[in-house]
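First up is the structure itself, then whatever we jot down about it.
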Amino acid sequence: MRYVRSKIQGSMLGALMGDCLAAPFEGDAGPLTASLYKNYFEGLRKEDVAKKLPYKRYTDDTAMAMAVAESLVERKGFDARDMAIRFTDEYFKSPRRGYGGSVVNVFYKLRRTRSENPFEPAALQFNGSGSYGNGAAMRAFPVALFFSRRDTDKDKLMQVAIDQGRITHANSTGYHGALLQCLAVSQAFLADPGEVVNIEEFCKAIGDKIRNVEAESEESLRESGGAAVFSAKMKRLEALAKQAKDRSKIDFDIVIRDLGNNISALESVPTAIFCYLMAQDKTLECCQGDSVIERSIQLAIALGGDTDTIATMAAAIAGAHVGVEDIPEVLLKHCEARDRVRDLADRIYAHVVGGEDLQASDV
Ligand code: F2R
Ligand code: MG
Ligand code: MG
Numbered sequence: 008m009r010y011v012r013s014k015i016q017g018s019m020l021g022a023l024m025g026d027c028l029a030a031p032f033e034g035d036a037g038p039l040t041a042s043l044y045k046n047y048f049e050g051l052r053k054e055d056v057a058k059k060l061p062y063k064r065y066t067d068d069t070a071m072a073m074a075v076a077e078s079l080v081e082r083k084g085f086d087a088r089d090m091a092i093r094f095t096d097e098y099f100k101s102p103r104r105g106y107g108g109s110v111v112n113v114f115y116k117l118r119r120t121r122s123e124n125p126f127e128p129a130a131l132q133f134n135g136s137g138s139y140g141n142g143a144a145m146r147a148f149p150v151a152l153f154f155s156r157r158d159t160d161k162d163k164l165m166q167v168a169i170d171q172g173r174i175t176h177a178n179s180t181g182y183h184g185a186l187l188q189c190l191a192v193s194q195a196f197l198a199d200p201g202e203v204v205n206i207e208e209f210c211k212a213i214g215d216k217i218r219n220v221e222a223e224s225e226e227s228l229r230e231s232g233g234a235a236v237f238s239a240k241m242k243r244l245e246a247l248a249k250q251a252k253d254r255s256k257i258d259f260d261i262v263i264r265d266l267g268n269n270i271s272a273l274e275s276v277p278t279a280i281f282c283y284l285m286a287q288d289k290t291l292e293c294c295q296g297d298s299v300i301e302r303s304i305q306l307a308i309a310l311g312g313d314t315d316t317i318a319t320m321a322a323a324i325a326g327a328h329v330g331v332e333d334i335p336e337v338l339l340k341h342c343e344a345r346d347r348v349r350d351l352a353d354r355i356y357a358h359v360v361g362g363e364d365l366q367a368s369d370v
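Each residue of the sequence shown is one higher than the one before, counting from 8 in our numbering.
What follows is the structure, given as structure tokens:
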């Protein structure tokens, strides 16, 4: 497959950029006025980074995504206990990263029990119903990159997307959100970087897969009263994206109303997919610049609410499509931990190509 290294780096560094650059807007009521975030991006382009240390800090989204990536490459696959230990280590090393209100209880229990039963603390959250927050989805993209090459990877990708989610999010909405995010990254990975993906085809490909999973999941049917909640959102997403494309205009109020912009997985993962799909349309006046990754981040900011998380998920998908060449270096320079993330991307790439020479394989 071509562009593998570029796509892995684009997704990892795009996600980092989404988190760092959109975090200052997290919690702002959307929609935001376009001039506000356009001025912000213009300012970032002008600032002399060397004089502006510390950088734009990454938040829990990146902290946990790095733990997922490191665990996968170190263990050469999914190891729930190892990943749980890395989540807790990352948290206790640097707790002030804006973590979710309840997930911290899981980290304390995991630390106390040395993660002997890595899924147990999450299963006890919210009186046994588990968290439906988007924390499992925001960090999930390295799974899609790690299992991106071999045919035999497809089933593993789906299972690991869910299982890494269940370490902190036992509600089916939480871990199915992680699966949907991985399916979107995986689908974008298949696209030619020079081409615009077709909205209908993209939505159908991932919509069909999530529909099958929801229909077969007893837990999901019980928790949602029989409704296939993500499948329904995918249909609405597709309709809104087609409408926006036809009119060359996004109605942000309707997107917030119908797709959502908050910390629940159901009200943020489809929104991130929408931002990615819309960012490809360079005629939209609500964002600026030629970078699809940057535009997807601008759209996530424009919606307000959970901006860092929607931006990190949208940019992870966009990066898997268009690759690292799309990332404006002048913006990436602002982001904390970019060298660590770039190194992790290359370690995932080394796994994906199975030890082949990095340069020779990067065609
Ligand atoms: N926490 C934040 N942002 C808030 C403030 C950050 C501030 N800017 C700062 O700097 O401090 N952002 C991060 O949290 C989201 C991911 O959260 P996660 O990991 O899913 O956490 P949690 O605690 O599991 O769920 C979040 C909240 O959702 C509600 N909730 C979840 N399941 C529920 C259930 N079954 N019943 C009732 N409520 C449920 C609770 O209020 C949880 O606290 C990302 O945005 C990340 O950036
Ligand atoms: Mg965050
Ligand atoms: Mg957030």
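Cβ atoms here follow ideal geometry from the backbone N, Cα and C, with glycine treated the same way. Everything numeric in this text was worked out from a predicted model, so none of it was measured.
{"Item": "May I ask which residues mark the beginning and end of the alpha helix (DSSP H) holding Y182?", "Value": "S179 to F196"}
{"Item": "Per the DSSP calculation, G140 is bridged to which residue(s)?", "Value": "S271"}
{"Item": "Are the stretch 159-174 and the stretch 30-39 touching by the rule of at least three beta carbon pairs closer than 8 Å?", "Value": "no"}
{"Item": "If I follow the unbroken alpha helix (DSSP H) through R52, where does it start and stop?", "Value": "A41 to K53"}
{"Item": "Let me check understanding here. Comparing Cα to Cα, which of D199, A352, P200 and L187 lies closest to C210?", "Value": "L187"}
{"Item": "So L6 and A76 are supposed to be a Cβ contact under 8 Å. How far apart are they, rounded?", "Value": "The structure shown does not extend to residue 6, since the chain is modelled only from 8 through 370, so no value can be given for it."}
{"Item": "DSSP three-state label for K14, please.", "Value": "helix"}
{"Item": "Using the beta carbon as the reference atom, which residues fall closer than 6 Å to any heavy atom of ligand 4, ordered along the chain?", "Value": "This structure simply doesn't include ligand 4; it includes ligand 1, ligand 2 and ligand 3 instead."}
{"Item": "Is T278 near ligand 2, going by C-beta to nearest heavy atom under 7 Å?", "Value": "no"}
{"Item": "In angstroms with no decimal places, state the Cα-to-Cα distance between L291 and G108.", "Value": "36 Å"}
{"Item": "Pull up the distance between the alpha-carbon of G311 and that of G34, whole angstroms please.", "Value": "7 Å"}
{"Item": "When every heavy atom of ligand 2 is checked, does at least one fall within less than 7 Å of the C-beta of G311?", "Value": "no"}
{"Item": "Where does D353 sit, in a helix, a strand or coil, going by DSSP?", "Value": "helix"}
{"Item": "Looking at M145 and T316, is the spacing between their C-beta atoms short of 8 Å?", "Value": "yes"}
{"Item": "Please report how far the alpha carbon of R347 lies from the alpha carbon of Q16, in whole angstroms.", "Value": "12 Å"}
{"Item": "Just how far apart, CA to CA, sit L339 and R52?", "Value": "10 Å"}
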